[in-house]
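There are 2 protein chains.
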Amino acid sequence: MTKTAAIIGGGVIGGGWAARFLLNGWDVRVFDPDPEAERKIGEVLANARRSYPGLFDQGVPAEGTLTFHDAMSDAVEGAAWIQESVPERLEIKQKVYQTLQAACDPNAVIGSSTSGFKPSELQSCATRPEQIVVCHPFNPVYLLPLVEVVGTDKNPPDFMDHVAAIIESIAMHPLRVRKEIDAHIADRFLEAVWREALWLVKDGIASTEEIDNAIRYGFGIRWAQMGLFETYRVAGGEAGMKHFMAQFGPALKWPWTKLMDVPDFTDELVDLIAGQSDEQSGMHSIRDLERIRDNNLVAMMRALKAQDWGAGALLNKAERAKTEPALDGLVETVRRVVPLDWTDYNGHMNEARYLQAFGDATDRFMEIIGCDADYIATGGSYFTAETHIRHVDEVHAGDEIHIDTYLAVGEGKKMQLFHQMYAGGRLLATGEHFLIHVSLQSRKPSEPAAAILEKLGAIRATHAALPMPDGQGRAVGKK
Amino acid sequence: MTKTAAIIGGGVIGGGWAARFLLNGWDVRVFDPDPEAERKIGEVLANARRSYPGLFDQGVPAEGTLTFHDAMSDAVEGAAWIQESVPERLEIKQKVYQTLQAACDPNAVIGSSTSGFKPSELQSCATRPEQIVVCHPFNPVYLLPLVEVVGTDKNPPDFMDHVAAIIESIAMHPLRVRKEIDAHIADRFLEAVWREALWLVKDGIASTEEIDNAIRYGFGIRWAQMGLFETYRVAGGEAGMKHFMAQFGPALKWPWTKLMDVPDFTDELVDLIAGQSDEQSGMHSIRDLERIRDNNLVAMMRALKAQDWGAGALLNKAERAKTEPALDGLVETVRRVVPLDWTDYNGHMNEARYLQAFGDATDRFMEIIGCDADYIATGGSYFTAETHIRHVDEVHAGDEIHIDTYLAVGEGKKMQLFHQMYAGGRLLATGEHFLIHVSLQSRKPSEPAAAILEKLGAIRATHAALPMPDGQGRAVGKK
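First to last, the sequence lines map onto chains A and B.
For the first sequence, the positions run 1 to 479 when my numbering is used.
For the second sequence, the positions run 1 to 479 when my numbering is used.
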C-alpha cells in the first residue's frame, strides 16, 4: 500500500524531503502558506528527478503523487510521516505541533528538520511528546543520505526503531545520536569551521575562494570517504590510534585556532564576505551551481558505490532486491535509470556506457543461469571474447532503460548473447556478445558445471522458438 | 634536463613528496638517518605507482631515479628543490636548515612540510632565510593536490612565483597564504573539528564511527567539491550570500560548540577513542585502509575530472600537452596508464573500459583530422553507428596501454576505424568502429567539410599501403 508523508514547510529542505519521499514511491502532501511554495518545490523536484533515480543500478519504484493543501489538518490526516521544516524559531515549531497533533494519527512520526533545537525543547508544549523526534537532514536532501535522529526518554524504543526503519526504507542513513545536545553532531563541526573561516577572511589571511580550495583540494576529499577518525588512524600508521593521539594531542594546546572568541557580524564583515563570494562564484547562477553540485555529488557517490565504501556502500545496501525474471521469452536483464555521470555535457549517454549496461546485462544473465558469486568463487566464470554494438537511437540522463536478452548459443564452453536496449518501446542499441567459459586459475577455456549447461539448454530451447533478433550475427557496417 | 629534488626526512609525508617528484620525472635523493627509511619510502612509492599515474588521461613522464644518501650534504648538493619533513620541533628544523644551507645551491627552494610553524620562525636562525618557505602538503601527498605556500618579507616575489610554478609543474595546487599565521589555513579547521570531536566522544554523544559517518554521509561529500562558502552560497539561494549570512550569523552566538574549552588528554580519553577506533576499523590493516583510501580518492577525483570541477579540474589543467602524431603509418591515438577506477576487485580492466579507451582513441582521431571542438561547434560531428571489440589478453591497473589506429574507410559520410590496443608489444584488444558524419541540428547524416575529407584521403592513402590488420571486417564469433 502506498504510504503518505506530510511536508509542513516547503523551502529547500522541505522540498528536498518531498522529493525523497515521492521518488521512493510515497504520496506526499504539502502544507506551506507561501504562495510560491508550489513553484519552489517544483524546482527542487526537477533537480531531484534528474539526479536521484540514476544513483541506483536497479530499477526504482514508481513516483508517488504530490498534492498541495491549504489546511495543515488536511495535509497531516492519515499520514504515516510528518516532516516539519518551518523556520528555526522554537515558538513557531511548538505552535505547529499543537495544531497538527489535533488532526494527525497518534502513531505517525513527527520529524523535525531543526538544525539546532534539542528534542526536549520541541516536545515541551506538545499534546503527545512521544511522537516528536529530531530528524535533521542535509541539503540536498534528495541526494545526501545523512539524517541525525535525536529523541528523548519520552520516545519509546520501539518508536525510535520504527523511525530508523522508515529512514532506511527511503535510502537514507539514520544516525542515532546517543544524547541530545544543541546542534546535534554535524552542525557543531560546521559551526566551528564557519567561525574559524570568518576570522581568516576578516584578518585577511585568505579569501573565501582560497578557503574553499584549502578544503576541496585537501581534507575535503579525504573526509568524503573516511571522515575524521579513520583518516587519522591511517595517518598514524601501524603504531595505531594511541600513537597518533600521543603525537598530535599536544597541538590542541597550541595557539592554532581563534575559536575562543567570536567575530562581530558587522556590515563590513558581511560585505567583505559577500563581495569575495561574488568574485569566486558570481559567474554561475544559483540554478547552475545547484546542477553542478548535483552532478558532482552523483559522480562522487557513484564512484564510491563502485568501491562499495562510505556513502556508496549505503547506496548498494539500498538497492531494490532483484526479481526473478520470467524465462518464457526474452530475459529482462537490466532495468535502470541513466545516471548523470553516464552522460556528456549535452546529457546524451556516452558510448562506453552502452557497453557498461550490456556488461551488466551479461552479468545478470550469468547469475540467472547459476554463474553467480558462489559459483565464481569455485574457480569458473565466463569471459567476454567479442562484442558487437549497433547504435540505433540516443538516450538522456534520467530516462529509464531496459535490456531484453536473447540466447543465441549456449552449449559446451560457448555462450552467445544478443542484448536489445530500449527506452520504453524505442530501440536504442543492440549488443551481441560471444563468451567463453574459463578456469580462473589457468585463464584457459573449460567446461561449465552441469547445472549451468542444463539451465542454458532450457533457455535456448525457449529462445530457439522465437524469431532471431534483427542484426544478430552481422559484421560491422554489413547488412 | 632532469631536475633533482632532495627529501630530508622520509616518513609518510617525505615519502609522499619523493613519490610525487619521481612520478613527475624528477630524480630524487633521500636523506633520513632511520635505518628503515628505504623500506618505508618503498611502501609509499608502491602505493603511489598503483594510484597516481592513472589519474591522467594522457601519458605520464618516465619515472626519475631514486637514491639514498648517508650525508645530508650529498643529498642536497645541486638539488633544485629541497623538502624538509622532519619532526615538528622548531630547534630540529632550524638545525637542519643550518646544516643543509652549508651545502645546497643558494638558488634552490627549501620547502618545509611543517603543519604549524610560521615561516618567520623557520627562517630566524638561517644563513639564507630568503630561500626557506612553508610548503605544507596533505597526506597522501602523491594524490592530494593542495600545498599551502607561506613566505615572509624575506622571500623575494620572484622566488615565490618560482616556488608556485614548480608546485604546478608536479600537478599540485600552490595555495598562497596572504599572511603567515600559526597552522596556516586547513589545519586550523582540522584542529577546530578535532577538538569538538574529542568533546563529543568524551561526553558520550557519539562514537568515533558515528562521528565519521556524520561527516562522510553529509557535509564531507559537499565539501569535497565546493568547500564551505560556495556550498553556503548555493544553500542561500537567489537571495545570495548576504541573505545567508543574515540568516545564520546569529547562530554563532548560540551555545553550539564547546570550543571555548580544551578537553584534557587523559589516559581515559585516549583509551576510549583508541578502543572505539579499533571497533570501527580494526577489521582492516593499515595497509588495506591505505589502499581503500587511495582507491576511493582516485575514483572520486576522476569522477570530478569528468565534471571538470574542483580537484578534477586541477587534473585536467595538469594533463600533458598532446603531441602531434606521426602520420606515416598507423596513428597513435591513446597512450595512458590504466586507472584504479577502471578495474575490478582483482585489478583487471573492466569490459566497458576497453570501449572507453577506444572511444577516446576515436575522439583523438577525429581531432587529428580536424573534427575538433571548434569544428563541432559549427554543427557537424561523427556519431558511432557500430562497434566490434575482440578481447585478446588482460591488463591490470597501473599498466601503460597505447592504441594504434588504422583507417579502413574515410570517404563521404563514412569513416571506419580499426583500433589495436597494446600493453608494450602485447595485443590486448581490437576495436572496429563504423562512424557516420551527422548534422548536430537534424541528427541526420551529412557531408563533412572538405578539409576533413582531404585529411581522411591522405591518411587512407598511407594506410592502404599497409597490411590490413588481422580481424578487421569480421562478425562476432566468426574466423
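Ideal Cβ positions, reconstructed from N, Cα and C, are used throughout, including at glycine.
Quick caveat: nothing in here was measured; it's all calculated off a predicted structure.
Residue-chain proximity (residue i, chain A), Cβ-Cβ < 8 Å
i	result
R188 (chain B)	yes
K242 (chain B)	yes
Q356 (chain B)	yes
R20 (chain B)	no
G398 (chain B)	no
V12 (chain B)	yes
A311 (chain B)	yes
L146 (chain B)	yes
Neighbouring residues, chain B, relative to residue i (Cβ below 9 Å)
i	result
D341 (chain A)	A303, A306 and Q307
Selection from the options that minimises the alpha carbon distance to residue i
i	options	result
T527 (chain B)	B:H184, B:G473 and B:C371	This structure cannot settle anything about residue 527 (chain B), because the visible part of chain B is limited to 1 through 479.
A352 (chain A)	B:N346, B:W342, B:H348 and B:G347	B:W342
L417 (chain B)	B:L427, B:I389 and B:V395	B:I389
D404 (chain A)	A:G398, A:I436 and A:R364	A:R364
H396 (chain A)	A:Y345, A:G380, A:C371 and A:K93	A:Y345
I215 (chain B)	B:H433, B:R233, B:K202 and B:E196	B:E196
Q123 (chain A)	A:K93, A:R89, A:G282 and A:Y142	A:K93
E84 (chain A)	A:D57, A:E332 and A:G14	A:G14
I166 (chain B)	B:G425, B:E454, B:I110 and B:D182	B:I110
L22 (chain A)	A:R443, A:A79, A:L45 and A:D393	A:L45
D399 (chain B)	B:R20, B:P53, B:A5 and B:T114	B:P53
G11 (chain A)	A:K118, A:A5, A:E43 and A:V60	A:E43
H173 (chain A)	A:V201, A:H184, A:D203 and A:P137	A:P137
L314 (chain B)	B:T333, B:A303, B:A385 and B:A171	B:A171
E36 (chain B)	B:R50, B:V28, B:F68 and B:A62	B:F68
R335 (chain A)	A:G424, A:L453, A:F31 and A:I185	A:G424
H463 (chain A)	A:V331, A:A306 and A:Q441	A:V331
Q97 (chain B)	B:E394, B:G204 and B:V76	Checking the sequence, you will find Tyr at residue 97 (chain B) rather than Gln. Considering only alpha carbons, the answer is B:V76.
L175 (chain A)	A:L146, A:G64 and A:V337	A:L146
8 Å Cβ cutoff, residue i in contact with chain B
i	result
F117 (chain A)	no
R29 (chain A)	no
I221 (chain A)	yes
F229 (chain A)	yes
L427 (chain A)	no
E238 (chain A)	yes
Under 9 Å from the C-beta of residue i: neighbouring residues of chain A
i	result
H391 (chain B)	F383, T384, A385, E386 and T387
R364 (chain B)	Within chain A, no residue comes near R364 (chain B); the closest Cβ sits about 14 Å away, beyond 9 Å.
L314 (chain B)	Y217
A46 (chain B)	Residues of chain A passing the Cβ test: none, with the nearest at roughly 15 Å.
Neighbouring residues, chain A, relative to residue i (Cβ below 8 Å)
i	result
M245 (chain B)	F265, V270, I273 and A274
Chain B contact residues for residue i, given Cβ-Cβ distances below 7 Å
i	result
M226 (chain A)	D212, R216 and R293
N139 (chain A)	A235
E351 (chain A)	L355, G359 and T384
Under 8 Å by beta carbon: chain B residues contacting residue i
i	result
P325 (chain A)	Those within 8 Å of P325 (chain A) in chain B number zero; the least Cβ separation is about 22 Å.
Closer than 7 Å between beta carbons: that is the criterion. Which residues of the region 168-189 of chain B meet it against chain A? The region 168-189 of chain B vs chain A, Cβ under 7 Å: H173, L175, V177, R178, K179, I181, D182, A183, I185, A186, D187, R188 and F189.
Listed in chain order, which residues of the region 192-211 of chain B have Cβ atoms closer than 9 Å to some Cβ of chain A? A192, V193, W194, R195, E196, A197, L198, W199, L200, V201, D203, G204, I205, A206, S207, T208, E209, E210 and I211
Short of 7 Å Cβ to Cβ, which residues in the region 268-300 of chain A face chain B? Here the close residues are V270, I273, A274, S277, Q280, S281, I286, L289, E290, I292, R293, N295, N296, L297, A299 and M300.
Ranges of the beta strand (DSSP E) found wholly within the region 144-219 of chain A, counting only runs of at least 3: 146-150 and 173-176
Which full runs of the alpha helix (DSSP H) of 4+ residues lie inside the region 62-126 of chain A, going along the chain? If we require 4 residues or more, the alpha helix (DSSP H) runs fully inside the region 62-126 of chain A come out as 72-76, 90-101 and 119-123.
Return the chain-ordered ranges of every beta strand (DSSP E) run that is complete within the region 295-338 of chain B and spans a minimum of 3 residues. 331-337
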